[in-house]
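Chemist: Same order as they appear, the protein sequences are chains A and B. For the first sequence, my numbering assigns the number 12 to the initial residue and increments by one for each residue that follows. For the second sequence, my numbering assigns the number -6 to the initial residue and increments by one for each residue that follows. Quick reminder that beta carbons are idealized off the backbone N, C-alpha and C, glycines included. Predicted, not measured: the structure shown is a model, and the values here were computed from it. Have a look at this one.
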Amino acid sequence: MMHIIINILSVFCLLTGLIFFIGGAVGIMRMPDFYSRLHPAGKLDTLGIFTMVAGLVIYNFHHLSLGVVLLSIKMFLIVFFVFLASPTATHSIVDAGMRAGLRPWTKKKEKE
Amino acid sequence: MIYFFSCIAVGLCLTMILPLYRCLMGPTVLDRLVGVNAIGSKTVVLLLLIGYLYGRVDMFVDIALAYAFLNFVAVLAASRYFHKRKGLYEESFME
């Protein structure tokens, strides 16, 4: 009974993370501008990593021991590092674009 | 459950195609950088899934951590490098 609950939770988390990743990828494809492309890339990828790693950690709890708990803590350390690193990288890319003189996209005026 | 993990891994690989298009066809250099960053963040999860498929998660967690760190450092270094480059604005309308 416990195994079935763990499996269902893990499958739910993994599918939710995959949906977040697909949303981020479609946003990167279809946004009109460089700065607006950074918005799905920065947010949805971070949340997708968190949800998918949470699903894998839940799957770890099938057989509980000290090594498995240490492994789960290590996997959440990856998530913690990505939560720190991804906004920093996004900010750095935006800074490079602003200093290189890349203007933000505006709606084009209609021809006279 | 292992079969389900391999299905999720294939789905991640198919999801990587869209940022790969942005890498190849991006109008400016920074667009390609955004695509590389998105592919790297998907690869971290893909490495963990590969660890489950081979039954060696304890080894692949270290590889995934090293890959995340390498991706972060590469994006920082490349964006510092493209600071000084002028003319990105004209390049974005060359399509």
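B/F(-3) and B/Y45 - do their beta-carbons sit closer together than 8 angstroms?
Modeler: Cβ distance not < 8 angstroms, so B/Y45 and B/F(-3) don't count as in contact.
Chemist: Please check if any C-beta of chain B sits within less than 8 angstroms of the C-beta of A/I84.
Modeler: No, A/I84 lies away from the interface with chain B (no Cβ there is under 8 angstroms from its Cβ).
Chemist: Which chain A residues sit within Cβ distance under 7 angstroms of B/I1?
Modeler: The contacting residues are L25, L29.
Chemist: Span of the alpha helix (DSSP H) holding B/R73?
Modeler: From DSSP, the alpha helix (DSSP H) with B/R73 extends over 50 to 74.
Chemist: Figure out for me which residue from A/I39, A/I69, A/K118 has the closest Cα to the Cα of A/M13.
Modeler: It is A/I69 whose Cα lies nearest to the Cα of A/M13.
Chemist: Using only the alpha-carbon positions, how far apart do A/F91 and A/I84 sit?
Modeler: Rounded to the nearest angstrom, the two C-alpha atoms are 10 angstroms apart.
Chemist: Would you mind sorting A/L95 into buried or exposed? The rule is 16 or more other CB atoms within 10 Å of its CB.
Modeler: When all chains shown are included, A/L95 counts as exposed.
Chemist: Quick one: list the residues of chain A neighbouring B/F53, beta-carbon separation under 9 angstroms, in chain order.
Modeler: Neighbours of B/F53 on chain A: none; closest Cβ ~10 angstroms, over 9 angstroms.
Chemist: Note down, in chain order, each residue of its chain lying with its Cβ closer than 7 angstroms to the Cβ of B/I56, except the 5 sequence neighbours on either side.
Modeler: If we look at B/I56 and ignore the five residues flanking it on each side, its Cβ neighbours are L40.
Chemist: So A/L20 contacts chain B; which residues on that side make the cut at Cβ distance below 7 angstroms?
Modeler: Within 7 angstroms Cβ-Cβ: nothing; A/L20 doesn't reach chain B, min ~12 angstroms.
Chemist: Grab the span of the alpha helix (DSSP H) containing B/P12 for me, first residue to last.
Modeler: That run of the alpha helix (DSSP H) goes 10 to 18.
Chemist: Cβ closer than 7 angstroms: which chain B residues qualify as neighbours of A/S76?
Modeler: In chain order: nothing, as chain B lies at least about 12 angstroms away.
Chemist: Confirm the yes/no value for this check: CB of B/L63, any heavy atom of the ligand SAM, distance under 7 angstroms.
Modeler: Ligands are entirely absent from the displayed structure, and the ligand SAM is therefore not among its contents.
Chemist: I'd like to know if A/S103 contacts chain B, where contact means its C-beta is closer than 8 angstroms to some C-beta of that chain.
Modeler: With 8 angstroms as the cut-off, A/S103 counts as an interface residue toward chain B.
Chemist: Could you pull out every residue in the same chain whose Cβ sits closer than 6 angstroms to the Cβ of A/V37, ignoring the five residues on either side in sequence?
Modeler: Excluding residues within five positions, none has a Cβ falling inside 6 angstroms.
Chemist: By the 8 angstroms beta-carbon criterion, what residues does the segment 32 to 65 of chain A contribute toward chain B?
Modeler: Those residues of the segment 32 to 65 of chain A that come within reach of chain B (Cβ to Cβ, closer than 8 angstroms) are F32, I33, G35, A36, V37, I39, M40, F45, R48, L49, A52, D56, T57, G59, I60, M63, V64.
Chemist: Looking at the structure shown, is A/H102 part of a helix, part of a strand, or coil, going by DSSP?
Modeler: Of the three classes helix, strand and coil, the one that applies to A/H102 here is helix, per DSSP.
Chemist: Which residue marks the beginning of the alpha helix (DSSP H) containing A/S47, and which one marks its end?
Modeler: Segment 45 to 71, the alpha helix (DSSP H) holding A/S47.
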